[in-house]
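Novice: Residue numbers (this note's numbering), protein chains in the order written: chain A, 1 to 312; chain B, 313 to 824. Take a look at the following structure, please.
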Amino acid sequence: MLLGRTAYGLYWMFRYIERAENSARLVDAGLRMSLTRSHLNGDLWDGVLQTSGVGDVYEQHYGKSSAEAIDFLMRDKANPSSVLSCIDTARHNARMVRTALTRETWEAVNECWLDLKTLLAKRLKPADLPEAIDAVKRKTGLIRGAFHGSMLRNDIFNFSRIGTFIERADNTARILDVKYYVLLPAVTQVGTSVDNVQWESILRSVSAHRAYGWVYEGEYKAANIADFLILNGRMPRSLAYCYEQIVNNLEHLQRDYGDRHAAHETAERTMKSLQDHSIKDVMDQGLHEYIEDFIGQNNQLSQEISQGYRFV
Amino acid sequence: MRRTALRQDMCSGSWRRFAGPKREHIRTPDEVDRSTANEGMAPLAFDEMMTADNEPRLPYKTYNSWFESQDRSRLIAKSKEAENIFRKTGITFAVYGHADSSEKLIPFDLIPRIIAASEWRRLAQGIEQRVIALNAFLDDIYHKQEIIKAGRLPRELIERNDAFLPQMVGMRPPGGVYTHIVGTDIVRTGEDQFYVLEDNARTPSGVSYMLENRETMMQMFPDLFHENRVQPVENYPYLLRQSLASLAPPGCQGKPRIAVLTPGIFNSAYYEHAFLADQMGVELVEGSDLRVIDGRVKMRTTRGWTQIDVLYRRVDDDFLDPLTFKPESVLGVPGIMDVYRAGNITIANAPGTGICDDKAIYSYMPEIVEFYTGRKALLENVPTWRCSEPDSLKYVMENLADLVIKEVHGSGGYGMLVGPTATRKERALFAEKLKARPGNYIAQPTLSLSTVPILVNKGIAPRHVDLRPYVLVSDKVQIIPGGLTRVALKAGSLVVNSSQGGGTKDTWVLED
Chain A
1 MLLGRTAYGL YWMFRYIERA ENSARLVDAG LRMSLTRSHL NGDLWDGVLQ TSGVGDVYEQ
61 HYGKSSAEAI DFLMRDKANP SSVLSCIDTA RHNARMVRTA LTRETWEAVN ECWLDLKTLL
121 AKRLKPADLP EAIDAVKRKT GLIRGAFHGS MLRNDIFNFS RIGTFIERAD NTARILDVKY
181 YVLLPAVTQV GTSVDNVQWE SILRSVSAHR AYGWVYEGEY KAANIADFLI LNGRMPRSLA
241 YCYEQIVNNL EHLQRDYGDR HAAHETAERT MKSLQDHSIK DVMDQGLHEY IEDFIGQNNQ
301 LSQEISQGYR FV
Chain B
313 MRRTALRQDM CSGSWRRFAG PKREHIRTPD EVDRSTANEG MAPLAFDEMM TADNEPRLPY
373 KTYNSWFESQ DRSRLIAKSK EAENIFRKTG ITFAVYGHAD SSEKLIPFDL IPRIIAASEW
433 RRLAQGIEQR VIALNAFLDD IYHKQEIIKA GRLPRELIER NDAFLPQMVG MRPPGGVYTH
493 IVGTDIVRTG EDQFYVLEDN ARTPSGVSYM LENRETMMQM FPDLFHENRV QPVENYPYLL
553 RQSLASLAPP GCQGKPRIAV LTPGIFNSAY YEHAFLADQM GVELVEGSDL RVIDGRVKMR
613 TTRGWTQIDV LYRRVDDDFL DPLTFKPESV LGVPGIMDVY RAGNITIANA PGTGICDDKA
673 IYSYMPEIVE FYTGRKALLE NVPTWRCSEP DSLKYVMENL ADLVIKEVHG SGGYGMLVGP
733 TATRKERALF AEKLKARPGN YIAQPTLSLS TVPILVNKGI APRHVDLRPY VLVSDKVQII
793 PGGLTRVALK AGSLVVNSSQ GGGTKDTWVL ED
């Protein structure tokens with residue numbers, strides 16, 4: 001048992017850490033794509049902004065030109081999902097729930113915040129970007145390591161993990177969506193080399209480029225990639241994997257507390273549908289529609305967890 | 313084209329409660345940066361480490377030979393290392409009115425302040441006597457008021473005092489303890505001269521620095537702790553927890569559940585609140601986590617509402633219960649005072665203890681101690697002129713340039729005049745205020761505080777210090793050997809405030 005506010009703080013702390021890492025990965029993917037498809041640049045960053053779910057906020061501040069996109073995604077305070085904002089919020093939450101964290105975990109978060117605050121204090125030069133992105137991945141990785149190596153496997157752990165996987169599922173879904181929704185230039189290009197470059201970049205942005213090669217023997221096919229990121233239970237960023245983890249952690253809470261909430265039903269239903277469907281079912285429904293449904297359900301689950309466990 | 317659903321953010325809805333800038337930024341005594349009574353220049357001060365012949369005083373002998381064997385540049389490097397430890401650990405205090413970038417570190421000096429066992433025994437006896445007297449005084453003024461009837465204390469000093477809570481009249485806290493945690497600020501002016509500078513009976517802070525300073529010293533210089541036998545302080549959280557648990561309210565069945573109540577993450581002492589809750593293994597709660605349900609104080613948990621029996625509160629009286637005190641406060645718990653009166657929760661320290669921190673009350677402490685303990689006070693007060701008394705006022709007016717004049721209810725160094733360093737014009741302006749409301753002021757001489765060396769680039773240099781020992785009161789009085797030493801880092805300065813460049817030192821009390 002822990003304070004509702006503490007569970008709330010932990011849940012969002014881990015959502016923001018996950019989001020920081022994913023924002024950095026998205027910029028990374030954008031950079032790679034811009035190197036190979038320079039004439040697409042404008043659309044490309046617009047697509048990345050949409051993926052990150054901050055297209056509207058960006059437009060309010062900078063209008064149509066996507067020249068500020070990288071800065072906006074990495075360090076703009078006006079963007080609540082920028083790497084810097086995420087780390088700021090995560091660290092703020094970590095202070096709030098300090099008593100629930102081991103010293104190692106707290107110090108990893110605090111150090112991540114101290115280092116990235118310095119690193120992202122000024123606008124980044126293009127030459128410094130890869131290093132900055134790398135630092136974000138490394139520092140968030142250290143938090144994960146400290147957390148896994150030192151935390152008791154109790155409800156504190158469960159709420160943290162649920163936050164991580166709900167955020168990760170949301171991020172993977174968005175990455176997939178951007179492919180069909182913004183980056184696909186024309187139907188005729190599906191299956192062409194242009195398309196392949198973009199798919200590859202998507203895989204890179206979830207660090208799954210090599211893993212994909214092992215599982216599908218290197219052939220880039222829309223259906224395979226969608227299968228990998230949505231339904232493959234072994235891929236740690238796939239929707240199926242995330243939901244298996246969410247259900248698993250919710251079950252622990254159920255056993256500990258001896259009660260079930262609407263969240264349990266929702267999570268189990270989503271997991272089951274991810275296990276039962278084939279990628280053909282998904283494609284028949286339409287990838288974009290499928291993903292939009294998924295993001296909606298994922299948000300609903302978040303609400304239900306918040307209510308069931310008295311976050312506020 | 314359809315847009316993907318908007319991203320969820322913590323900022324929507326109740327997240328505002330934490331992220332928004334709109335917390336009540338109250339200045340409470342719960343801040344490490346308070347000012348000492350005496351500011352200005354002091355010529356020849358008593359140095360606690362070296363005698364006038366440049367020989368180490370007895371308690372420092374072992375340390376001094378260790379220090380002389382050390383490579384100076386290594387010590388400077390260690391100094392930086394200590395700062396990094398503090399920064400990494402997040403041992404910071406917030407400065408009000410700024411964003412997170414304004415979290416500050418309190419500078420740490422690595423030369424310990426060392427007190428001999430015999431010196432400490434004397435101090436501890438005096439502190440124990442004083443703390444017992446404070447609790448007896450509180451019980452008396454909220455019940456029979458014998459001290460007033462005996463003519464030892466003017467009635468208006470109690471009844472017209474903002475820190476006196478009429479709501480506490482006739483109310484006896486569980487175990488009869490009013491002030492559970494006390495910080496008695498002490499200054500030294502010579503080999504045998506100690507003075508109490510002020511009593512902090514409401515919510516003394518700084519104990520986390522005492523603990524972290526020791527932790528850091530043991531990490532950096534384990535060898536020192538082999539050579540010197542230093543009395544331990546690290547069991548403080550354990551003692552605090554035991555002490556709080558032993559004063560559970562009559563309505564508590566089974567093991568008492570304890571929580572620390574903090575104003576929240578934006579409070580300057582938030583680090584300490586989290587630290588203490590963490591070290592004691594109890595919940596850290598805010599007012600918004602608590603609610604009065606069925607006559608008990610309960611906290612909102614992931615499994616529903618759970619009862620709290622003992623609340624170590626680090627919010628001021630005024631903010632404790634909006635139904636009883638400030639109606640606009642969101643920091644407290646509506647109805648908690650009713651639960652308290654019904655004997656279903658212990659609040660530590662009890663509401664209304666702040667009257668002991670009042671400077672006019674302070675000036676009566678020698679009488680108060682004698683009245684309740686039947687013995688002369690073992691620890692001296694700094695001589696204090698009450699400007700409400702015509703003779704004193706006359707003396708103060710004639711000697712403004714030599715005195716420190718303070719507001720009776722002031723803290724944090726506000727509204728005071730430091731005679732020796734003030735300009736003629738400042739003194740003249742202050743004299744007007746003094747004449748208009750003499751009862752609002754007291755005056756004290758400028759004391760020459762003792763010094764302890766700090767590490768500087770060229771070696772060591774003496775700096776003025778004070779001391780805040782921590783005392784726990786339950787069915788017994790426990791004094792933690794040592795406490796928090798604050799040190800002025802500027803040469804000659806008597807200001808040890810962290811807000812004005814003051815730092816801290818590890819404080820050792822040696823075994824016999």
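Even for Gly, the Cβ is constructed at its ideal location relative to N, Cα and C.
So what's arginine 288 of chain B in DSSP terms, helix, strand or just coil?
Specialist: Since the first residue shown for chain B is 313 and the last is 824, residue 288 of chain B is missing from the structure and cannot be characterised.
Novice: Which one of B:Glu440, B:Ser558 and B:Leu796 has the shortest CA to CA distance from glycine 814 of chain B?
Specialist: If you number the second sequence from 1, residue 814 of chain B lands on position 502. Glycine 814 of chain B has its Cα closest to that of B:Leu796, out of B:Glu440, B:Ser558 and B:Leu796.
Novice: Mind listing which residues of the segment 141-172 of chain A have their C-beta closer than 7 Å to chain B's C-betas, in chain order?
Specialist: For the segment 141-172 of chain A, the residues whose beta carbon sits under 7 Å from a beta carbon of chain B are, in order, Asp155.
Novice: Which residues bound the beta strand (DSSP E) around proline 424 of chain B?
Specialist: On the second sequence, position 112 is the one that residue 424 of chain B refers to. Its beta strand (DSSP E) spans residues 420-427.
Novice: Distance cutoff 8 Å, beta carbons only. Does aspartate 621 of chain B sit that close to anything in chain A?
Specialist: On the second sequence, residue 621 of chain B is found 309 positions in, with the first residue counted as 1. Chain A, which has no Cβ nearer than 8 Å to the Cβ of aspartate 621 of chain B, makes this no.
Novice: Just by C-beta distance, which residues in the segment 276-288 of chain A are closer than 8 Å to chain B?
Specialist: So the list reads His288, given in the order they occur along the chain.
Novice: Count the other CB atoms, across all protein chains shown, that sit within 10 Å of the CB of leucine 152 of chain A; report buried if there are 16 or more and exposed otherwise.
Specialist: Residue mapping note: residue 152 of chain A aligns to position 152 of the first sequence, counting from 1. Exposed, because fewer than 16 other Cβ atoms sit within 10 Å of the Cβ of leucine 152 of chain A.
Novice: Report the three-state DSSP secondary structure of glycine 771 of chain B (helix, strand or coil).
Specialist: By 1-based counting over the second sequence, the position of residue 771 of chain B is 459. Glycine 771 of chain B: strand per DSSP, three-state reduction.
Novice: Closer than 8 Å by beta-carbon distance: list the chain B residues that pair up with tryptophan 322 of chain A, in chain order.
Specialist: Since the first residue of chain A shown is 1 and the last is 312, residue 322 of chain A is not available in this structure.
Novice: Taking a Cβ distance cut-off of 8 Å, strictly less, list which residues of the segment 516-545 of chain B are near chain A, in chain order.
Specialist: none
Novice: Who are the Cβ neighbours of leucine 183 of chain A in its own chain at under 7 Å, not counting the five residues just before and after it?
Specialist: In the first sequence, residue 183 of chain A corresponds to position 183, counting from 1. Below a pLDDT of 50, predicted positions are generally treated as unreliable, and leucine 183 of chain A, at 45, falls in that range; the measurement from the model is reported next regardless. Within the same chain, leucine 183 of chain A has close Cβ partners Gly47 and Gln198.
Novice: Between the Cα of serine 391 of chain B and the Cα atoms of B:Asn525, B:Ser381 and B:Leu356, which residue gives the shortest distance?
Specialist: What you label residue 391 of chain B is simply residue 79 of the second sequence in a count that begins at 1. Out of B:Asn525, B:Ser381 and B:Leu356, B:Asn525 has the C-alpha closest to the C-alpha of serine 391 of chain B.
Novice: First and last residue of the beta strand (DSSP E) that includes aspartate 818 of chain B?
Specialist: To locate residue 818 of chain B, count along the second sequence from 1; it is residue 506. 814-821 is the extent of the beta strand (DSSP E) around aspartate 818 of chain B.
Novice: In chain B, which residues lie less than 8 Å from serine 302 of chain A when you measure between Cβ atoms?
Specialist: Stepping through the first sequence from its first residue, residue 302 of chain A is reached at position 302. Within 8 Å Cβ-Cβ: Gln320.
Novice: According to DSSP, simplified to helix, strand and coil, what is phenylalanine 578 of chain B?
Specialist: Working through the second sequence from its first residue, we reach residue 578 of chain B at position 266. In this structure, phenylalanine 578 of chain B counts as coil in the three-state DSSP scheme.
Novice: Find the nearest neighbour of arginine 608 of chain B within the set B:Ser786, B:Gln320 and B:Ile659, judged by alpha-carbon distance.
Specialist: The residue labelled residue 608 of chain B in the question sits at position 296 within the second sequence. It is B:Ile659.
Novice: Between the beta-carbon of methionine 649 of chain B and the beta-carbon of threonine 636 of chain B, is there less than 8 Å?
Specialist: Counted from its first residue, the second sequence places residue 649 of chain B at position 337. Counted from its first residue, the second sequence places residue 636 of chain B at position 324. Yes. Within cutoff.
Novice: Over the uninterrupted beta strand (DSSP E) stretch that includes glutamate 500 of chain B, give me the two end residues.
Specialist: Counting from 1 along the second sequence, the entry for residue 500 of chain B is found at position 188. The sequence shown places arginine at residue 500 of chain B, not glutamate. Segment 493-500, the beta strand (DSSP E) holding arginine 500 of chain B.
Novice: Would alanine 586 of chain B count as contacting chain A if we go by Cβ distances under 8 Å?
Specialist: Within the second sequence, numbered from 1, the residue matching residue 586 of chain B stands at position 274. At least one chain A Cβ lies under 8 Å of alanine 586 of chain B.
Novice: Give a yes or no on whether the C-beta atoms belonging to aspartate 170 of chain A and threonine 51 of chain A are separated by under 8 Å.
Specialist: Locating residue 170 of chain A in the first sequence gives position 170, counting from the first residue. Locating residue 51 of chain A in the first sequence gives position 51, counting from the first residue. Aspartate 170 of chain A is not a Cβ neighbour of threonine 51 of chain A, given a cutoff of 8 Å.
Novice: From A:Asp276, A:Trp214, A:Ala208 and A:Gly55, pick the residue whose C-alpha is nearest to that of leucine 73 of chain A; which is it?
Specialist: The residue given as residue 73 of chain A occupies position 73 in the first sequence. The residue with the shortest Cα to Cα distance from leucine 73 of chain A is A:Gly55.
Novice: Using the three-state DSSP reduction, which class does phenylalanine 405 of chain B fall into: helix, strand or coil?
Specialist: Locating residue 405 of chain B in the second sequence gives position 93, counting from the first residue. The answer is strand: DSSP assigns phenylalanine 405 of chain B an E or B state.
Novice: Span of the beta strand (DSSP E) holding glycine 63 of chain A?
Specialist: In the first sequence, counting from the first residue as 1, residue 63 of chain A sits at position 63. Note, glycine 63 of chain A: premise wrong, no beta strand (DSSP E); not H, not E.
Novice: State the Cα-Cα distance for the pair arginine 91 of chain A and valine 777 of chain B, rounded to the nearest angstrom.
Specialist: For the purposes of this step, residue 91 of chain A is taken as the residue at position 91 of the first sequence. For the purposes of this step, residue 777 of chain B is taken as the residue at position 465 of the second sequence. Spanning the two alpha carbons is a distance of roughly 35 Å.
Novice: Rank B:Val694, B:Thr735, B:Leu767 and B:Glu471 by C-alpha distance to the C-alpha of asparagine 376 of chain B and give the top, closest one.
Specialist: Locating residue 376 of chain B in the second sequence gives position 64, where the first residue counts as 1. Measuring from the Cα of asparagine 376 of chain B, the nearest candidate turns out to be B:Leu767.
Novice: May I ask you to list, following chain order, the residues of the segment 64-84 of chain A that have a beta carbon less than 8 Å from some beta carbon of chain B?
Specialist: Pro80 and Ser81
Novice: At which residue ranges does the segment 695-780 of chain B contain complete alpha helix (DSSP H) runs of 4 or more residues, listed in the order of the chain?
Specialist: 702-710 and 736-748
Novice: Can isoleucine 570 of chain B and valine 594 of chain B be called in contact, C-beta distance under 8 Å?
Specialist: As a position in the second sequence, residue 570 of chain B is number 258, starting the count at 1. As a position in the second sequence, residue 594 of chain B is number 282, starting the count at 1. Result yes, Cβ atoms of isoleucine 570 of chain B and valine 594 of chain B sit closer than 8 Å.
Novice: Using a Cβ cut-off of 8 Å, pull out every chain A residue sitting near threonine 613 of chain B, in sequence order please.
Specialist: Counting from one through the second sequence, the residue named residue 613 of chain B turns up at place 301. Near threonine 613 of chain B (Cβ distances below 8 Å), the residues of chain A are Met1, Leu2, Leu3, Gly4 and Arg310.
Novice: Just to check my reading of the structure: isoleucine 493 of chain B and tyrosine 507 of chain B have Cβ atoms closer than 8 Å, yes? What is that Cβ distance to the nearest angstrom?
Specialist: Translated into positions along the second sequence, residue 493 of chain B becomes position 181. Translated into positions along the second sequence, residue 507 of chain B becomes position 195. Not really, about 22 Å apart at Cβ, beyond 8 Å.
Novice: Look at the alpha carbon of histidine 252 of chain A and the alpha carbon of arginine 484 of chain B, and state the distance between them as a whole number of angstroms.
Specialist: Numbered from 1 along the first sequence, position 252 holds the residue referred to as residue 252 of chain A. Numbered from 1 along the second sequence, position 172 holds the residue referred to as residue 484 of chain B. Rounded to whole angstroms, histidine 252 of chain A to arginine 484 of chain B spans 45 Å at the Cα level.
Novice: Suppose the cutoff is 7 Å on Cβ atoms and the five residues either side in sequence are ignored; what does the same chain contact list for valine 545 of chain B look like?
Specialist: On the second sequence, position 233 is the one that residue 545 of chain B refers to. So the qualifying residues of the chain are Met522, Leu523, Arg526, Ile792, Pro793 and Gly794.
Novice: Can you say whether leucine 35 of chain A is buried or exposed, counting buried as having 16 or more other CB atoms within 10 angstroms of its CB?
Specialist: For this step, residue 35 of chain A is matched to residue 35 along the first sequence. Label assigned to leucine 35 of chain A: exposed.
Novice: Specify the secondary structure class of arginine 235 of chain A as computed by DSSP and reduced to three states.
Specialist: Looking up residue 235 of chain A in the first sequence gives position 235. Checking the sequence shown, residue 235 of chain A turns out to be methionine, not arginine. Methionine 235 of chain A: coil per DSSP, three-state reduction.
Novice: Give a yes or no on whether the minimum CB-CB distance between aspartate 590 of chain B and chain A is below 8 Å.
Specialist: Indexing the second sequence from 1 puts residue 590 of chain B at position 278. Yes - at least one Cβ of chain A is within 8 Å of the one on aspartate 590 of chain B.
Novice: Of all the CB atoms in chain A, is at least one closer than 8 Å to the CB of threonine 816 of chain B?
Specialist: Against the second sequence, residue 816 of chain B aligns to sequence position 504. For threonine 816 of chain B, the answer is no, since every Cβ of chain A falls outside 8 Å of its Cβ.
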